[in-house]
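Read the structure below first, then the notes.
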Amino acid sequence: MSEIAPLPKPPPVPGRRWFLPSAVTAELDSEPGSDLDRSGRKRRPKRTARDWLVDFACFLIAVVVGLIGADEMSGDPDVPSALQAVDQWFGALACAAVWLRRRWPVGLAVAMVPVCFISNTAGGAGLVALFTVAVHRPFKYAAWTGGASAALLPLFYWLRPDPEVPYVLIIALGWLLTATVVGWGTLARSKRQLMLSLRDRARRAETESALRAEQAQRLAREAIAREMHDVLAHRLTLLSVHAGALEFRPDAPRAEVARAAGVIRESAHEALQDLREIIGVLRAAGDGAEESGRPQPTLGALDGLVSESREAGMKVTLDNRVTDAGTVPASVGRTAYRIAQEGLTNARKHAPGAEVTVTVAGVQGDGLTVSVRNPPPPGDVPHVPGSGQGLIGLTERATLAGGRFEHGPGEDGGFQVSAWLPWG
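Take a look at the structure:
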């Protein structure tokens, strides 16, 4: 079984990286699990130039809103100076805490709810914290913190009424501002999630494409190996049989030696020709490559296969009941030929000297049946090496053709292979 290739590494993020948030670039560039430290916690990504600009802008917004609040408070005679000082101290600390919004977005947003209720100058920092939690965390966190801030607005303006804006209007404006900040942050988060999901889909598509390519290569290699086995095993078995005969019978008549040598020469020539065809297929550049070699054998070439086996010294009986082999589809005829070829090869290796019967029958509409039967060998069988993959390959061939393939010992102790192939 072939080794599965590793998942392809995603290409780097194109374009200006500094213009993207660090949370996005970290997710786009990193592989799954690579952003975890030794303790299993997620590492905090380094800020990009955009992050620094955004953080500084948020800090300025918080400071400007705080200064506006402090100026309004200084002109209100109802607010004691001590309370103004406390309010401004809380506002200053809240503005400084804005720089921690990326590290603890939820904690900062929760802390800003009571701080903004106490301090009027911390309102800008509270809006920044609410926006941050909406961007970096699921909606439920922003909904809870924003809802708590909105619920405290009526009480806040009841205790600190605005002398210029009506009570109902300023509460409505506060709720509208809170909803706008939460909605803006949620929209930004949705756009980021969409970008990351598209990136994940592209990466999965690349991975699936690589796996499909690997599977196609593996299937092609298996098909080539099966074809080499079917084509070359028959020729090489003839070489082995006749070479063995010459080895064990050095005193054979000259005519018999010459005939065996001729069969060896012819089988070697055919094996080289078949091997050249397979190598030509492997070297083909694609669909536009020229087809080389002889046409693939079909059912009409079965007589030649049997004659070749008889010349090699086998006892073969052919019972071909198909009246017109030309009407058999080429794919079906080629499969039937390979089954008969493999059956004769196995009989020659495992039952030398036994009489082999090849039967082919069928009509259009009922299908084509092919069987190769041989009785037990008449004597001892010398060991002939083999891969044991021939019958497995024939089963795959018959299945791919939409038929069935069976093999096993016969009733007389011999061996039989048979197949049924569709012939519509």
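If you number the sequence shown the way our numbering does, the last residue is 1589 and the count never jumps.
Positions of the beta carbon are idealized from the N, C-alpha and C atoms, including for glycine.
query: Using the C-alpha atoms, what's the distance from Gln1380 back to Ala1607?
result: It is not possible to answer for residue 1607, since the shown part of the chain is limited to 1166 through 1589.
field: Straight-line gap, Thr1345 to Ser1374 (C-alpha atoms, nearest Å)
entry: 43 angstroms
query: Taking the alpha carbon of Gly1478 as the point to measure from, which residue in Pro1326, Gly1427 and Gly1589 has its own alpha carbon closest?
result: Gly1427
message: Which same chain residues end up closer than 7 angstroms to Phe1304 when comparing Cβ atoms and leaving out the 5 residues on each side of it in sequence?
response: Thr1351
- prompt: Going by alpha carbons, who is nearest to Ala1526 out of Lys1480, Trp1588, Gly1508 and Arg1475?
  reply: Trp1588
message: Applying the 10 Å Cβ sphere with the 16-neighbour rule, what's the burial state of Val1333?
response: exposed
query: DSSP three-state call for Gly1451: helix, strand or coil?
result: Low confidence applies here, because Gly1451 scores a pLDDT of 44, under 50, leaving its location unreliable and the question unanswered by this model.
message: Relative to the C-alpha of Asn1511, which candidate in Leu1586, Gln1581, Thr1564 and Leu1324 has its C-alpha closest?
response: Asn1511 has its Cα closest to that of Gln1581, out of Leu1586, Gln1581, Thr1564 and Leu1324.
- prompt: Mind checking if Gly1575 is an interface residue toward chain D, Cβ cutoff 8 angstroms exclusive?
  reply: Absent here is chain D; the protein component of the structure consists of one chain.
- request: For my contact list, Leu1533 and Leu1586 are in at a C-beta cut-off of 8 angstroms; report their separation, rounded to the angstrom.
  value: 5 angstroms
query: Would the stretch 1230-1240 and the stretch 1277-1288 be scored as touching if the rule is three or more Cβ pairs under 8 angstroms?
result: yes
message: Quick check on DSSP: helix, strand or coil for Gln1380?
response: helix
field: Buried or exposed by the 16-neighbour rule on C-beta atoms within 10 Å, applied to Ile1504
entry: buried
- prompt: Near Asp1577, which residues of its chain fall below 6 angstroms by C-beta distance, leaving aside the five closest residues on each side in sequence?
  reply: Pro1540.
task: Determine the direct distance from the alpha carbon of Arg1368 to that of Ala1563, and round the result to whole angstroms.
output: 38 angstroms
- request: Measure from the alpha carbon of Val1219 to the alpha carbon of each residue in Phe1296, Gly1348 and Ser1472, then state which is nearest.
  value: Phe1296
query: Are Lys1514 and Thr1402 touching if we call contact CB-CB under 8 angstroms?
result: yes
query: What are the boundary residues of the beta strand (DSSP E) that includes Glu1520?
result: Secondary structure note for Glu1520: its beta strand (DSSP E) is the uninterrupted segment Glu1520 to Val1528.
- prompt: Near Ser1583, what residues of its chain come up, given a Cβ to Cβ distance below 6 angstroms and the 5 sequence neighbours on each side ignored?
  reply: Taking C-beta separations shorter than 6 angstroms and ignoring five residues to either side along the sequence, the partners of Ser1583 in its chain run Ser1536 and Glu1571, following chain order.
task: Enumerate in chain order the residues of its own chain whose CB-to-CB distance from Asp1484 is below 6 angstroms, with the five nearest sequence positions on each side excluded.
output: Thr1524
task: Just the C-alpha distance for Ile1335 and Leu1258, rounded to the nearest angstrom, thanks.
output: The straight-line gap from Cα to Cα measures roughly 26 angstroms.
Nearest-angstrom Cα separation, counted from Arg1569 out to Pro1462: Going from the Cα of Pro1462 to the Cα of Arg1569 covers about 21 angstroms.
field: Validate contact between the stretch 1463-1473 and the stretch 1485-1494 using beta carbons, cut 8 angstroms, 3 pairs
entry: yes
query: If you run the structure through DSSP and keep just helix, strand and coil, what is Trp1588?
result: Trp1588 falls in the coil class under three-state DSSP.
message: Please identify the residue among Thr1500, Asp1489 and Gln1506 whose C-alpha is closest to the C-alpha of Arg1475.
response: Gln1506
- prompt: With Ala1566 and Pro1542 assumed to form a contact (beta carbons below 8 angstroms), what rounded beta-carbon distance in angstroms separates them?
  reply: Not quite, the Cβ-Cβ distance comes to about 31 angstroms (not below 8 angstroms), so this is no contact.
field: Candidates Ser1284, Pro1279 and His1301: closest to Leu1268 by CA position
entry: Leu is not the amino acid found at residue 1268; the sequence shown has Arg there. Per the Cα distances, His1301.
task: Quick one: grab the DSSP three-state call for Gly1498.
output: helix
- prompt: Does DSSP put Glu1329 in a helix, in a strand, or in coil?
  reply: Residue state, collapsed to three classes: coil.
- prompt: So the beta strand (DSSP E) Val1537 belongs to, where does it begin and stop?
  reply: For Val1537, the enclosing beta strand (DSSP E) stretches over residues Gly1532 to Asn1539.
- prompt: CB-CB under 7 angstroms to Ala1262, same chain, minus the five flanking residues each way: which ones, in chain order?
  reply: Only Leu1273 and Ala1290 meet the Cβ criterion.
Contact belief for Cys1260 with Phe1221 at Cβ below 8 angstroms, rounded distance in angstroms: Not quite, the Cβ-Cβ distance comes to about 12 angstroms (not below 8 angstroms), so this is no contact.
- request: With DSSP collapsed to three states, give me the class of Arg1268.
  value: Residue state for Arg1268 is assigned as coil, using DSSP reduced to three classes.
- prompt: How many Å lie between Ala1454 and Asp1545 at the Cα?
  reply: Summary for Ala1454: the model assigns pLDDT 39, below 50, so the residue's position carries little reliability; its value from the coordinates is reported in the next sentence. Distance between the alpha carbons of Ala1454 and Asp1545 is about 49 angstroms.
message: Considering only their Cβ atoms, is the gap separating Phe1321 from Val1280 smaller than 8 angstroms?
response: no
- request: Closer than 6 angstroms by C-beta to Ala1119: which residues in its own chain qualify, once you throw out the five before and the five after it? Chain order, please.
  value: The question about residue 1119 has no answer here: the residues shown for the chain are numbered 1166 through 1589.
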